[in-house]
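Everything on this sheet refers to the single structure shown next.
Number of protein chains: 2
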Amino acid sequence: MDVSSTSLDLTPLESVLPEGCLITDPARTDKYRWDRALDPNAGVPMAVVRATCTADVQAAVSFAAARGIAVVPRGAGTGLSGGASAVTDCIVICTERMRSIEIDPLTRTAVVEPGLLNAEVKRAVAAHGLWYPPDPSSYEICSIGGNVATNAGGLCCVKYGVTTDYVLGMTVVLADGSAVKLGGKRIKDVAGLPLLKLFVGSEGTLGIVTEVILRLLPAPRTPTTLVATFASLDDATRAVLEVTQSMRPSMLEFMDNVSINAVEDVTKMGLDRSAEALLVAQSDEADSTAAAEIIRIESLCEANNAAEVLVAPDAETGEAFVAARRMAIPAVERRGTLLLEDVGVPVPHLGGLVRGIADISRANDVEIAVIAHAGDGNTHPLIVFDPMDADQGRRAQAAYGEIMTLAIGLGGTITGEHGVGRLKRPWLGANIGDDALALNRRIKQALDPAGILNPGSGL
Amino acid sequence: MDVSSTSLDLTPLESVLPEGCLITDPARTDKYRWDRALDPNAGVPMAVVRATCTADVQAAVSFAAARGIAVVPRGAGTGLSGGASAVTDCIVICTERMRSIEIDPLTRTAVVEPGLLNAEVKRAVAAHGLWYPPDPSSYEICSIGGNVATNAGGLCCVKYGVTTDYVLGMTVVLADGSAVKLGGKRIKDVAGLPLLKLFVGSEGTLGIVTEVILRLLPAPRTPTTLVATFASLDDATRAVLEVTQSMRPSMLEFMDNVSINAVEDVTKMGLDRSAEALLVAQSDEADSTAAAEIIRIESLCEANNAAEVLVAPDAETGEAFVAARRMAIPAVERRGTLLLEDVGVPVPHLGGLVRGIADISRANDVEIAVIAHAGDGNTHPLIVFDPMDADQGRRAQAAYGEIMTLAIGLGGTITGEHGVGRLKRPWLGANIGDDALALNRRIKQALDPAGILNPGSGL
Numbered sequence: 001m002d003v004s005s006t007s008l009d010l011t012p013l014e015s016v017l018p019e020g021c022l023i024t025d026p027a028r029t030d031k032y033r034w035d036r037a038l039d040p041n042a043g044v045p046m047a048v049v050r051a052t053c054t055a056d057v058q059a060a061v062s063f064a065a066a067r068g069i070a071v072v073p074r075g076a077g078t079g080l081s082g083g084a085s086a087v088t089d090c091i092v093i094c095t096e097r098m099r100s101i102e103i104d105p106l107t108r109t110a111v112v113e114p115g116l117l118n119a120e121v122k123r124a125v126a127a128h129g130l131w132y133p134p135d136p137s138s139y140e141i142c143s144i145g146g147n148v149a150t151n152a153g154g155l156c157c158v159k160y161g162v163t164t165d166y167v168l169g170m171t172v173v174l175a176d177g178s179a180v181k182l183g184g185k186r187i188k189d190v191a192g193l194p195l196l197k198l199f200v201g202s203e204g205t206l207g208i209v210t211e212v213i214l215r216l217l218p219a220p221r222t223p224t225t226l227v228a229t230f231a232s233l234d235d236a237t238r239a240v241l242e243v244t245q246s247m248r249p250s251m252l253e254f255m256d257n258v259s260i261n262a263v264e265d266v267t268k269m270g271l272d273r274s275a276e277a278l279l280v281a282q283s284d285e286a287d288s289t290a291a292a293e294i295i296r297i298e299s300l301c302e303a304n305n306a307a308e309v310l311v312a313p314d315a316e317t318g319e320a321f322v323a324a325r326r327m328a329i330p331a332v333e334r335r336g337t338l339l340l341e342d343v344g345v346p347v348p349h350l351g352g353l354v355r356g357i358a359d360i361s362r363a364n365d366v367e368i369a370v371i372a373h374a375g376d377g378n379t380h381p382l383i384v385f386d387p388m389d390a391d392q393g394r395r396a397q398a399a400y401g402e403i404m405t406l407a408i409g410l411g412g413t414i415t416g417e418h419g420v421g422r423l424k425r426p427w428l429g430a431n432i433g434d435d436a437l438a439l440n441r442r443i444k445q446a447l448d449p450a451g452i453l454n455p456g457s458g459l
Numbered sequence: 001m002d003v004s005s006t007s008l009d010l011t012p013l014e015s016v017l018p019e020g021c022l023i024t025d026p027a028r029t030d031k032y033r034w035d036r037a038l039d040p041n042a043g044v045p046m047a048v049v050r051a052t053c054t055a056d057v058q059a060a061v062s063f064a065a066a067r068g069i070a071v072v073p074r075g076a077g078t079g080l081s082g083g084a085s086a087v088t089d090c091i092v093i094c095t096e097r098m099r100s101i102e103i104d105p106l107t108r109t110a111v112v113e114p115g116l117l118n119a120e121v122k123r124a125v126a127a128h129g130l131w132y133p134p135d136p137s138s139y140e141i142c143s144i145g146g147n148v149a150t151n152a153g154g155l156c157c158v159k160y161g162v163t164t165d166y167v168l169g170m171t172v173v174l175a176d177g178s179a180v181k182l183g184g185k186r187i188k189d190v191a192g193l194p195l196l197k198l199f200v201g202s203e204g205t206l207g208i209v210t211e212v213i214l215r216l217l218p219a220p221r222t223p224t225t226l227v228a229t230f231a232s233l234d235d236a237t238r239a240v241l242e243v244t245q246s247m248r249p250s251m252l253e254f255m256d257n258v259s260i261n262a263v264e265d266v267t268k269m270g271l272d273r274s275a276e277a278l279l280v281a282q283s284d285e286a287d288s289t290a291a292a293e294i295i296r297i298e299s300l301c302e303a304n305n306a307a308e309v310l311v312a313p314d315a316e317t318g319e320a321f322v323a324a325r326r327m328a329i330p331a332v333e334r335r336g337t338l339l340l341e342d343v344g345v346p347v348p349h350l351g352g353l354v355r356g357i358a359d360i361s362r363a364n365d366v367e368i369a370v371i372a373h374a375g376d377g378n379t380h381p382l383i384v385f386d387p388m389d390a391d392q393g394r395r396a397q398a399a400y401g402e403i404m405t406l407a408i409g410l411g412g413t414i415t416g417e418h419g420v421g422r423l424k425r426p427w428l429g430a431n432i433g434d435d436a437l438a439l440n441r442r443i444k445q446a447l448d449p450a451g452i453l454n455p456g457s458g459l
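In the order they appear, the protein sequences are chains A and B.
Numbering of the first sequence is given in UniProt numbering, commencing with residue 1 and proceeding in unit increments.
Numbering of the second sequence is given in UniProt numbering, commencing with residue 1 and proceeding in unit increments.
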């Protein structure tokens, strides 16, 4: 591999890029091989381009296109499906240095470069009394470019939708190195095919987004938070279903017994270690309406035999419970290396999914914690394994696949918000059907006939 | 034309369709030549297939594909851009007889066939305490299939989004006659490319949607309504901008002086005929929050020199003002034949757009009424002309094009919610750019290489 990468003359590319953009020293490119999925099959890139602008991305893609070199687009590298793992002899195009933001309060929009972190966008627009809703748990470390590539979700999606609902426009570099602008600061626009929507969630397989126009909302109200614990998993999932049937909470999150204990190990906040399930719900309606919504959720939890229901007396206490939920992944990570799942089902099947995952955990003798954006039916089973224990690693892999097969059987999806990447690709056909997969490939063929954009990932 | 249509043997198609599905008698097919755009260039179809199910649509498309015959998909025929005008010797595939609906309150979804009218969907789900938000002004006569084909909007979109935000799944018949299922009753799903989103708004150029899974919301609260009149257009558009910058009303509609007078002619409800502009705003927040929002809108209107501001004392009065706004198109239609525009701009340019349209009206000596989904920057200039007056017809056509050029110049779109159809196609390249248009055509080429689906329309 090193032979071919050193044999290729990169000076035509280097000469058109700003100084320091092109990295080839393996000691420096190494960290661009993996995203947080830690794909064991990640390859070795021939170069990493740390682009500073659209033109840099165009230069790199044009160079690659002319030579048939694979391109792996990369945001902050926080992906959980291996969508940014390097391919051997590829050029990684990283957008981490493209970090500008221009906020337009009049149109309630922001023009953002892809390298800015989700949290940075939130903070920048908050200074104008505005709000960018999508909030992946990783919002402090993930970038907007990656969010757009995966159509990222989060906790508030149950009421406020996902990334695609907030993208009004973009500049995207296509597989031939040309750049196209789509959309604009227009709220409604149906001129031509909805290409903008096609690129959001395309995981870098159709183009590389170098600028995005985000729609913003007025700042949200401070939410009211409720926490409920249940001795029975079925009671908890039934409570979720009764809430989602008739209400629109601004958050409805779930943690199972393993997650509760992992978080309690770290926080010592006094969570009930015996509970089978914990729900965190929020209402962001105004004053008395929020109170009424929370009372209704409380009564639905109690009607479903909640062991304890606590309405947070103030915003800080409420935020502590949300922080506990957000901490679940790092807390479980202390128990071993994680294989992170992202399966979703229609909400009525949430209980069946969680029970089935427990069966898979037992059958494969691996610990699996389950957290979920319960109101969306989107779960994150966290499969814990010791990377030094080869047999356990194999069992974890087996469980990973069985969970996807289970979700498919329940009318679900193999990925609700993380993307297919490289790790989930073998299950995509079984999920969406061979005919839909063929349709995906016709689109891919139309936009990237040589297949240089993120090969092996997404579809 | 009749020669070629009679020369083609339709019996292979007739034999696989239920009795009465295939119509060839010109006396009966004639009404399928036009939609409400009354395209003067509409062709004469060789046949109309009144499909009863997905298999019928597949049979008709397969028959057409094998013979290179053009197919024009048609819903309720209420389109305003000529997207369903017939092409000579085409087969029109009409979905008006596909009218089933299956409501699933547990997942808050409905599986709907395309021929059901928007209003029928609303009523059916309301019986379960549920709500399908998108509400084109034509909701009593337009079908869900057409709504999906155009990504239809409406009045509530300013807060609740457009059709694409409510489509979770579909069955779509492709150009080769095969049928593919996309999505499902899953709220979040990023497995594979977002093909579902690609078909919503594709105006029948990529496939024919034969079933759609709609996401529903819990029933909305009864809104509170405010009406404000302004002696100055600039004051009115400034009020709109100050509202949208900081608030999310559930409706924010605009009528200009011509529309106000046309509606007053019909309703005699006492509208101020001298007003330059009338705004109708609603809040659907709960109780005191709605009152607070309406007070805030009231004060923003007053700060911008509103001549009169009226908060409707009850829901019926509020609904009467909304009905007046919905009546604007039929009311203006009494003054002559209409060329219906659908241009949108970033909200800060709304004033410039409306003023520019008045200039175009004067310059071309044709009456143009303007109504708008003001909060979205989406306007419907209604160009009035006498079809018997050829010169006036030419001036109306000139104005139609000039309005689109004006909108493009203001960073806007030639169509916010009606679609490009056949009438707006000449302006599409100028609107989205030749590169984006080429990208549209690559997608079209990939999915319909022979170009049989709705040729001449959409892109």
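Cβ atoms here follow ideal geometry from the backbone N, Cα and C, with glycine treated the same way.
Answer yes or no: do residue i and residue j have a C-beta to C-beta separation smaller than 7 angstroms?
i      : j      : result
A:L453 : A:V148 : no
B:P381 : B:I368 : yes
B:I141 : B:T78  : yes
A:I403 : A:N431 : no
A:A275 : A:T229 : yes
B:I213 : B:L182 : no
A:I69  : A:I93  : no
B:T289 : A:A286 : yes
A:F385 : A:V354 : no
A:T237 : A:L350 : yes
Residue i and residue j look like a contact to me (Cβ under 8 angstroms); what is the Cβ gap, rounded to whole Å?
i      : j      : result
A:R97  : A:R28  : At roughly 14 angstroms, the Cβ-Cβ gap does not stay under 8 angstroms, so A:R97 and A:R28 are not in contact.
A:I443 : B:L193 : 6 angstroms
A:E120 : A:S100 : Not really, about 11 angstroms apart at Cβ, beyond 8 angstroms.
B:N378 : B:G153 : 7 angstroms
A:E203 : A:V420 : 7 angstroms
Of all the CB atoms in chain A, is at least one closer than 7 angstroms to the CB of residue i?
i      : result
B:S246 : yes
B:I368 : no
B:S202 : yes
B:V436 : With the sequence shown as reference, residue 436 of chain B is identified as Ala, and Val is not the correct amino acid for it. Yes, B:A436 lies at the interface with chain A (some Cβ there is under 7 angstroms from its Cβ).
B:I452 : no
In terms of alpha-carbon separation, which member of the options lies closest to residue i?
i      : options                        : result
A:R422 : A:P449, A:I213, A:P455         : A:P455
A:T415 : A:L340, A:L447, A:A399         : A:L340
B:A110 : B:W131, B:A323, B:C94          : B:W131
A:R273 : A:L279, A:V280, A:D265         : A:D265
A:V370 : A:I383, A:W427, A:N364         : A:I383
A:N440 : B:L10, B:T413, B:L447, B:V227  : B:L447
B:V347 : A:V172, A:F254, A:I187         : A:I187
A:L216 : A:M170, A:K122, A:Y139, A:G375 : A:K122
A:L300 : A:I103, A:D89, A:L226, A:G393  : A:L226
B:P220 : B:A292, B:A126, B:K185, B:H373 : B:A126
Any beta carbon from chain B within less than 7 angstroms of residue i's own beta carbon?
i      : result
A:S4   : Residue placement at A:S4 is poorly supported in this model, since its pLDDT is 47, which falls under 50; the coordinates are not used for a value here.
A:M1   : Confidence at A:M1 is low in this model, with a pLDDT of 38, below 50, so its placement is unreliable and the value that follows should be read with caution. So no, A:M1 is outside the interface.
A:E417 : yes
A:I187 : yes
A:V190 : yes
A:P381 : no
Checklist entry - Is it a yes or a no for the segment 245-254 of chain A touching the segment 149-164 of chain A, going by three-plus beta-carbon pairs under 8 angstroms? => result yes
Item to check | the segment 13-29 of chain A / the segment 47-66 of chain A touching (three or more Cβ pairs under 8 angstroms) | outcome: yes
Next on the checklist: Would the segment 349-366 of chain A count as touching the segment 394-401 of chain A if we require 3 or more Cβ pairs under 8 angstroms?
Outcome noted: yes
Next on the checklist: Does the contact criterion of 3 or more C-beta pairs under 8 angstroms hold for the segment 197-209 of chain A versus the segment 308-325 of chain A?
Outcome noted: Not touching, per the Cβ criterion.
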